[in-house]
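The listed protein sequences correspond, in order, to chains A and B.
Each residue of the first sequence is one higher than the one before, counting from 1 in this note's numbering.
Each residue of the second sequence is one higher than the one before, counting from 1001 in this note's numbering.
Here a beta-carbon is modelled for each residue, glycine too, at the ideal position from N, C-alpha and C.
Keep in mind it's a predicted model, so treat the numbers as computed, not measured.
First the structure, in the form of structure tokens, and then the observations on it.
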Amino acid sequence: MWEQIRSNQTGSAILVVWMGALLLLVGYFLGLYFFDSGIGGLIFALILWVIMSLVAYFQGDSILLAMSRARKISHDDHPRLYNIAEEMKIASGLEAMPSIYIIDDPAMNAFATGRDPKKASVTVTSGLLQKLNRDELQGVVGHEMAHIKNRDVLLMAMCSVLLGTIVLLAWYASRVMIFGGMGRTRRSSSSGGGGLGQIIIIVAALALIILAPIMAQLIYFSISRKREYLADASSALYTRYPEGLASALEKLAASTNQLKSANKATAPMYIINPFRKRGMAASDLTSTHPPISERVRILRSMAGASFADYDTSYRKARGTSKVLISAAAVTAAGALTLRAPQPPAAEKLEEVQRARETSNLMWNLNKYNTITCACGTKLRLPPSFKLPQLRCPHCGRINTV
Amino acid sequence: MTIVLWIVVGIIVILLIAFITIYNGLVRLRNQVKNAWAQIDVQLKRRHDLIPNLVETVKGYMKHERETMEAVTKARTLAQQVASAGPGERAKAEGELSSALTRLLAVAEKYPDLKASQNFLALQEELTSTENKISFSRQFYNDSVMTYNNQTQMFPSNVVASVASFKHGEFFEVTVAAERETPKVTFT
């Protein structure tokens, strides 16, 4: 069943081919329009695309991680998160353990990077660590692992490069047409071709400039949403506990903090849309993520943990007969029963403990020195603090650093 | 005549390619099963390593739970003794160890001092996670065995499997004492 997830890739691959065709079409007509040579424009578009792909392929991870100001952690920095990641690595059958990163931000979100499943990474925000219990965190990490295992990271990176190239080409072409387009008529008369052919080219080029970016975006969104559903299904399969992810998604939906370090380019990488506004229209075509309420509903109505169960719930929730996961993958899975939740600790107590844990982690990662005074007060000293002694502001004792 | 010859050669080549592809697929699945088994092994060993530490930590706080602690130590020794046995036998011993551990952790709830100790909390997290890792690696192992067994039984790969003598994989089923005690409802 682990291999069969690949068959779902075909559907996404066809959409990618469509996007590629769109890019070539844009290049061809812009070439015809500007240099009287469709092939020239095509080659230009291809070169641009190759350069952008190479940058994204080799530098994408580090750019994304640097832009989001993520910090790498080890097992001892946050044992629970690291253990959960190891658990999900085992459940998904990934060959190598991804690196774990943390973003210091009260917003709740997570993303995965890594074109190669052997060199991948999972990033979560400190807000997420604070608010989610073990089962919920497991669901979220499972979702991110699924993106790595299903090779979504590479697919989405390639798609966003295609989309970016199309948008870039169309944008520059539109500027040139509006502000410098007059030179065009002179050249066309010298070539002496039929007037009708020229008009067709101009109209086609104009239409493409306007429509291509929109179409590319719609294709991109549709691929992205499909991969999100699949990652949800995989997370349920790994954890055998869809309720964990469902309740995590609910908490994520309820939080109003927006991630500061996210931007439009990196938005589809996250588990929920970082720019989401409250009460967004239900089935929004122009969204990278399916509506959270629907994802929760699908997860909650699952009778078992297999892909077949997710597929059944998916079709029921959306009221369509369109199959999300191919029949081959569904039938191979067999019946998989759900597991029981982790023994519930006192939730309130746990929440306090989680908050303390997370803040300790962030202090440590920022290289703050912690001194516990005899009166029980914790003193956090920034790395720039150089004095040898410090008076406790609470009891007045002198502490040596 | 030559056409017939070519057709025969073509069919043989196609069959050969199919055989090689199926054979390689089976080998890949068998290796996956082996790797998954090794993964379970790693986690079971890790649990064995954690137990002395846990017993040592708990001992100072628990005065009246000698039996529970001894049960854990005994189950661990037993599980280590059958460490090189087949999946069936090991699963039984490890199941006993699991339930002994669960009882110990349940008893620990009665000792607030113990529950507040940082050392115990860290150990508890490691134990919980190791238990999870064991069950996730078992889950992955059983899924791998199922896929592998399906391939060795279904046409046409079963032909290749029997020719190249691919054996069936054994599932890792845990039968805990408590689970065995559940009454069976029979409809007659």
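At least one CB of chain A closer than 8 Å to the CB of residue i: is that the case?
| i | result |
| --- | --- |
| residue 1125(B) | yes |
| residue 1019(B) | no |
| residue 1132(B) | yes |
| residue 1170(B) | no |
| residue 1001(B) | no |
Tell me the DSSP bridge mates of residue i?
| i | result |
| --- | --- |
| residue 121(A) | 99(A) and 113(A) |
| residue 378(A) | 372(A) |
| residue 1153(B) | Paired residue(s): none; residue 1153(B) is not in a bridge. |
| residue 73(A) | 100(A) |
| residue 389(A) | 400(A) |
| residue 270(A) | 111(A) |
CB-CB under 6 Å to residue i, same chain, minus the five flanking residues each way: which ones, in chain order?
| i | result |
| --- | --- |
| residue 78(A) | 361 |
| residue 48(A) | 165 |
| residue 1011(B) | none |
| residue 1068(B) | 1103, 1104 and 1107 |
| residue 1168(B) | 1149 |
| residue 313(A) | 298, 301 and 302 |
| residue 1084(B) | none |
| residue 402(A) | Nothing about residue 402(A) can be reported from this structure: the residues present for chain A run from 1 to 401 only. |
For a contact meaning CB atoms closer than 8 Å, what does residue i contact in chain A?
| i | result |
| --- | --- |
| residue 1039(B) | 90 |
For residue i, collect the residues of the same chain with a Cβ closer than 7 Å to its Cβ; drop the 5 residues on either side in sequence, then sort them by chain order.
| i | result |
| --- | --- |
| residue 215(A) | 22 |
| residue 1188(B) | With a pLDDT of only 45 at residue 1188(B), under the threshold of 50, the placement of this residue in the model should not be trusted; the figure read from the coordinates follows. None. |
| residue 197(A) | none |
| residue 30(A) | 41, 169, 173 and 205 |
| residue 1164(B) | 1023 |
Using beta carbons (cut-off 8 Å, strictly below), is residue i in contact with chain B?
| i | result |
| --- | --- |
| residue 115(A) | no |
| residue 93(A) | yes |
| residue 133(A) | no |
| residue 109(A) | no |
| residue 331(A) | Unreliable placement is indicated for residue 331(A), whose pLDDT of 46 sits below 50; the coordinate value is still reported in the next sentence. It does not; no Cβ of chain B falls within 8 Å. |
Quick one: which chain A residues come within Cβ less than 7 Å of residue i?
| i | result |
| --- | --- |
| residue 1155(B) | Within chain A, no residue comes near residue 1155(B); the closest Cβ sits about 15 Å away, beyond 7 Å. |
| residue 1137(B) | 90 |
| residue 1140(B) | 90, 91 and 93 |
List the residues of chain B that residue i touches, going by C-beta distances under 9 Å, in chain order.
| i | result |
| --- | --- |
| residue 79(A) | 1122, 1125, 1126 and 1129 |
| residue 83(A) | 1125, 1126, 1128, 1129, 1130, 1132 and 1133 |
Can you pull the chain B residues whose beta carbon is under 8 Å from the beta carbon of residue i, in chain order?
| i | result |
| --- | --- |
| residue 86(A) | 1129 and 1133 |
Near residue i, what residues of its chain come up, given a Cβ to Cβ distance below 8 Å and the 5 sequence neighbours on each side ignored?
| i | result |
| --- | --- |
| residue 373(A) | 379, 392, 394, 395, 397 and 399 |
| residue 1113(B) | 1061 |
| residue 18(A) | 219 |
If we define contact as Cβ-Cβ less than 8 Å, is residue i a contact residue for chain E?
| i | result |
| --- | --- |
| residue 241(A) | In summary, chain E is missing from the structure at hand, where the protein chains are A and B. |
Contact between the region 52-71 of chain A and the region 154-165 of chain A is defined here as three or more beta-carbon pairs at a separation below 8 Å; is this criterion met? yes
Quick check: the region 95-102 of chain A against the region 66-76 of chain A, are at least 3 beta-carbon pairs closer than 8 Å? yes
Taking contact to mean at least 3 C-beta pairs separated by less than 8 Å, is the region 120-137 of chain A in contact with the region 85-99 of chain A? yes
Are the region 1141-1148 of chain B and the region 1044-1051 of chain B in contact at 8 Å, needing three or more beta carbon pairs? no
If we count Cβ pairs, one from each stretch, closer than 8 Å, do we get three or more for the region 1150-1157 of chain B versus the region 1020-1035 of chain B? yes
Taking three-plus beta-carbon pairs below 8 Å as touching, is the region 134-150 of chain A in contact with the region 238-250 of chain A? yes
I'd like to know if the region 289-301 of chain A and the region 224-239 of chain A are in contact, where contact means that at least 3 CB-CB pairs between them fall below 8 Å. yes
Do the region 26-44 of chain A and the region 140-159 of chain A make contact, defined as three or more Cβ pairs closer than 8 Å? no
Touch test, the region 1030-1037 of chain B against the region 1002-1009 of chain B, Cβ-Cβ under 8 Å, three pairs minimum: no
Count the C-beta pairs between the region 1119-1136 of chain B and the region 1013-1023 of chain B that are closer than 8 Å, then say yes if the count reaches three, no if not. no
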